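For reference, the structure is listed below as C-alpha cells.
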Amino acid sequence: MLLDFNRLGWIRYLLIASGVLVGIFLLLPIVLIVALSFGSSQWLQFPPPAWTLKWYRQLFADPDWIASFVASLEVAVTVTVLSTLLGFMASIGLTRGRFPGRGFLRALFLTPMILPVVVLAVALYALFLRLHLNGTFAGFVIAHLVVALPFAVISISNALERFDTAIEDAAVLCGAGRLEAMMRVTVPAIHLGLFGAAIFSFLASWDEVVVAVFMASPDLQTLPVRIFATLRQDLSPVIAAASALLVGATALMMLLATFLGKDKTS
Amino acid sequence: MTAVPTIADRKPVPRSRRTSGLGPVVPALAFLLLFFVVPVLALLLRSLLEPQPGLQNYAEIFGSTTYLRVFANTFLVAAIVTAVTLVLAFPVAWLLAIAPHRWSRLLFAVIVLSMWTNLLARTYAWMVLLQRTGIINKMLMQLGLIAQPLPLINNLAGVTIGMTYIMLPFMILTLHATMRSLDPSIFRAASLCGASRWQVFARVFLPLVGSGVAAGVLMVFVMSLGYFVTPALLGGTSNMMLAELIAQLVQSLLNWGLAGAAAVVLLVVCLGIYAVQYRYFGFGTAGR
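Those protein sequences? They're chains D and Z, same order as listed.
So for the first sequence, the numbering used here puts the first residue at 1; every next one is plus one.
So for the second sequence, the numbering used here puts the first residue at 1001; every next one is plus one.
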C-alpha cells in the first residue's frame, strides 16, 4: 500500500506537491539562464523587456571567450582519449588479474573521486610549480585526467564484469591471438561501457573548475575558469549566453546517452 | 607477473592464469602514483615540515579562533544543507518510486538534466536570482510580503540555497535506489497483519529505507564539507568554508604548511566518514 500509488490516499497529494515544487526548483535556474541569454536587458530583468541575440554576438566576437572554449574542448578531448585508454587497460587488470593487493588497487583507483577536490587541486598545484607545468596544456590534461580516470574505470569495469570471458576464450580456442580476441570480441561486446567511460570522462574534464582554477595562467584558461573569474567581477549577460551554450551541450549529451541506452535494449 | 601463454597451456585456459595479471594496470597505476598519491602525500608532509619540522601548524589551526570559526561554519553549513536536502528529497524519491511511469520519467529527466548542467552555470543563475535587486526579492516585494530586499547572497542563506540545489539530485537518486528495490508485498503483508498505515510507515518502511537514508546523508555531508565553488561565489567573507580557506592560504598567503594542515584535517574527517559508511552500509549506493 505504501508503494501503491492509487492506494496511498491523501499522502499521494503531498508527494505530488513536493515533486512539482522540487521539479520547479531544479528547473528554475536552467530556464532562467536560457531566458536571460536571449533577453535585451543588461540588468538581468526577468521577464526580459525584449529578445535579442546580442550577448551571443558579443560572446563570439570576443577572442578570449573563443580561446577558452577551444582550450576546454582540446583538453577535454585529449583527456577523454587518454582516460578511456588507461581506464580500459586498468579495468582489464583489475577485473581479471590475479595478484595480491587487487582490492586495494581497486579502491586506490576510485579515491580521486571521494577526495575533496580542493585537496587534489592544491597538491597538484604544488607539484606543478616545481615541474613548471602550471598554465600549460600538459598540466591541464594531467590534472583533469586524475579527476576523470575513476569514472572511466567504474564504467568499463562494470561492463567487463558483465561480459562472459568464456566468449573471448572461445575465440582464442578458434585460433585468434589474445590481443586479436580482445580487440575483435571483447571490445565490441563492451562498447557501451567504453562509450560511457568516454562521455563521463569528457564531462568530468569539461566541467572541472576547482583544479582548473589553480592550473590556469593568463595565457591558458578553460571555459569554466573564465566563467569563474568573470563571475567574481560582474554578472554580465554574456555569461548567461556562455552558460546557456553549456546547458545546450548538456541536453545534447543527455539525448546521446538516452539514444545509446535505447540501442542496448533493442 | 606477466605470464605469456604458450600453446600448451592455451587449451583449457585455466582460470588462474587466464590473463596477464598486473601488467595492464601499470600505466594507469604509474600515472596515479605520480600525479595523485605522491602530490597528496607531499602536501601532507609539508604540514609537518614547513616552516620548520613540528606540529606548530596544527597547533595554530586548532588554537586560533579564526580557523576554529571556519571549521565550525563548515560543519554548520554541511549539516544544514544535508538536513534540508533530506527533507526535500525524501518525498520526491518516494514519488519517483511509485508514480505512473510517464510522470516519474519526466521528473527523472528534470533531475538528471539539473545534475549534469554545468556547476558554474547553475551557480551563476543563483547569483542572479538571489541578488538584492534579483527576481526573488523583487517578487516578494511586489507581493507585499517584505518591505526591504532580503539579504540572500554573500551569507549563510546564499550558500545554503546554492548548495542544497547542487546536492538535491544526489540525495534523491540515492534514496530512490533504495526505495525502488523494496518489495511492495511486504507492506501488504504488514497491513494484512493488522498494522495501521502509520505503523507500516514507521515500523516497516522507515527501517527498510534507513540504509539508503544513511548513505545519502553521509555522502551529501562529506561532499558539502569539501565544496569550493558554490561557497566561494554565494558565500560571504564572514562565513568562509574550509575549502576556501585552503585555497586562500595557498594562493594569497603562500602558507603551504598551514594549508597542508587544513587539508589533512579535511581529509581525515572525510575519509573517517567514508570508513563509517563502508563499515556499516557498503559503497553500493554511493553515487558519484
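Here a beta-carbon is modelled for each residue, glycine too, at the ideal position from N, C-alpha and C.
Predicted, not measured: the structure shown is a model, and the values here were computed from it.
(request) Would you check if the distance between the CB atom of R232/D and the CB atom of W65/D is smaller than 8 Å? (result) The Cβ atoms of R232/D and W65/D do not sit closer than 8 Å to each other.
(request) Please report how far the alpha carbon of R1180/Z lies from the alpha carbon of F1187/Z, in whole angstroms. (result) 14 Å
(message) Measuring alpha carbon to alpha carbon, tell me which residue in C1270/Z, M1241/Z, V1264/Z is nearest L1068/Z.
(response) M1241/Z
(request) Please go through the same chain and pick out, in chain order, the residues whose beta-carbon is closer than 6 Å to the beta-carbon of G63/D, but skip the five residues on each side of it. (result) One detail in the question is off: residue 63/D reads as Pro in this sequence, not Gly. Here the set comprises nothing.
(request) For G1284/Z, collect the residues of the same chain with a Cβ closer than 7 Å to its Cβ; drop the 5 residues on either side in sequence, then sort them by chain order. (result) For G1284/Z, the predicted structure reports a pLDDT of 47, less than 50, and the residue's modelled location is therefore unreliable. A value from the coordinates is still provided. So no residue of the chain qualifies.
(request) Look at the Cβ atom of W43/D, then the Cβ atom of V238/D, and state whether they are nearer than 8 Å. (result) 8 Å or more divides the Cβ of W43/D from the Cβ of V238/D.
(message) Please classify P1024/Z as buried or exposed, where buried requires at least 16 other C-beta atoms within 10 Å of its C-beta.
(response) buried
(message) Residues of chain Z with CB closer than 8 Å to the CB of V247/D, please, in chain order.
(response) T1117, N1118, A1121
(message) Report the CB separation of E1244/Z from A1261/Z in whole angstroms; it is logged as a contact under 8 Å.
(response) Rounded to whole angstroms, the Cβ separation of E1244/Z and A1261/Z is 16 Å, and the two are not in contact under 8 Å.
(request) Apply the 10 Å Cβ neighbour rule to Y1280/Z and answer buried if 16 or more other Cβ atoms are within range, or exposed otherwise. (result) By the neighbour-count rule (16 or more Cβ atoms within 10 Å), Y1280/Z is not buried but exposed.
(request) Pull out every residue of the segment 42–76 of chain D whose Cβ sits closer than 8 Å to any Cβ of chain Z, in chain order. (result) W43, L44, F46
(message) Does chain Z have any CB closer than 8 Å to the CB of P188/D?
(response) no
(request) Could you pull the start and end residues of the alpha helix (DSSP H) that H1101/Z belongs to? (result) Here the alpha helix (DSSP H) through H1101/Z covers 1101–1116.
(request) Locate the alpha helix (DSSP H) running through N1057/Z, then write down its first and last residues. (result) Segment 1056–1063, the alpha helix (DSSP H) holding N1057/Z.
(request) Return no unless some Cβ of chain D is closer than 8 Å to the Cβ of C1193/Z. (result) For C1193/Z, the answer is no, since every Cβ of chain D falls outside 8 Å of its Cβ.
(request) Name, in chain order, the residues that DSSP records as bridge partners for G39/D. (result) Looking at the DSSP assignment, G39/D forms a beta bridge with W51/D.
(request) State yes or no: is the C-beta of L1175/Z within less than 8 Å of the C-beta of A1059/Z? (result) No.
(request) Following the continuous alpha helix (DSSP H) through Y1227/Z, name the residue where it begins and the one where it ends. (result) No alpha helix (DSSP H) holds Y1227/Z; DSSP gives it neither H nor E.
(message) Going by C-alpha to C-alpha distance, which of A240/D, R130/D, V147/D, T136/D sits closest to P116/D?
(response) V147/D
(message) Quick check: the Cα distance between T111/D and R57/D, rounded to an integer number of angstroms?
(response) 42 Å
(request) Using only alpha-carbon positions, find the residue among V1084/Z, Q1052/Z, R1102/Z, L1113/Z that is nearest to M253/D. (result) L1113/Z
(request) For F1221/Z, decide whether its Cβ has a neighbour in chain D, counting only Cβ atoms nearer than 8 Å. (result) no
(request) Provide the residue span of the alpha helix (DSSP H) that contains M1240/Z, from first to last. (result) No alpha helix (DSSP H) holds M1240/Z; DSSP gives it neither H nor E.
(request) Please classify C1270/Z: is it buried, with 16 or more other beta-carbons within 10 angstroms of its beta-carbon, or exposed? (result) buried
(message) Check whether the segment 1097–1116 of chain Z and the segment 245–260 of chain D are in contact - that is, three or more C-beta pairs closer than 8 Å.
(response) Cβ pair count under 8 Å is three or more, so yes.
(message) Quick check: what's the CA-CA separation for L1140/Z versus V1217/Z?
(response) 32 Å
(message) When you compare the segment 193–201 of chain D with the segment 143–160 of chain D, are there three or more beta-carbon pairs, one atom per stretch, that lie closer than 8 Å?
(response) As far as the Cβ criterion goes, the segment 193–201 of chain D touches the segment 143–160 of chain D, which means the pair count is three or higher.
(message) Tell me the DSSP secondary structure of N1155/Z in three-state form.
(response) coil
(message) Quick check: the Cα distance between L245/D and K1138/Z, rounded to an integer number of angstroms?
(response) Approximately 27 Å between the Cα atoms of the pair.
(message) Please identify, using Cβ separations under 7 Å, the residues of the segment 1124–1138 of chain Z that lie next to chain D, in order along the chain.
(response) Across the segment 1124–1138 of chain Z, CB contacts with chain D closer than 7 Å involve Y1124, A1125, W1126, M1127, V1128, L1129, I1135, in sequence order along the chain.
(request) Check whether the Cβ of S199/D lies closer than 8 Å to any Cβ atom in chain Z. (result) Inspection of the sequence shows that residue 199/D is occupied by Ile rather than by Ser. Contact of I199/D with chain Z is not assigned, every C-beta pair being separated by 8 Å or more.
(message) Residues in the same chain with beta-carbon distance under 6 Å from F88/D, minus the five sequence neighbours each way, listed in chain order, please.
(response) I156
(message) With H, G and I counted as helix, E and B as strand and the rest as coil, what does DSSP make of R1069/Z?
(response) In the structure shown, R1069/Z adopts helical secondary structure according to DSSP, grouped into three states.
(message) For the pair the segment 1123–1134 of chain Z and the segment 15–35 of chain D, tell me if three or more CB-CB distances fall below 8 Å.
(response) As far as the Cβ criterion goes, the segment 1123–1134 of chain Z touches the segment 15–35 of chain D, which means the pair count is three or higher.
(message) Buried or exposed for N1118/Z, going by 16 or more other Cβ atoms inside 10 Å?
(response) buried
(request) Could you give the DSSP three-state label for H132/D: helix, strand or coil? (result) coil
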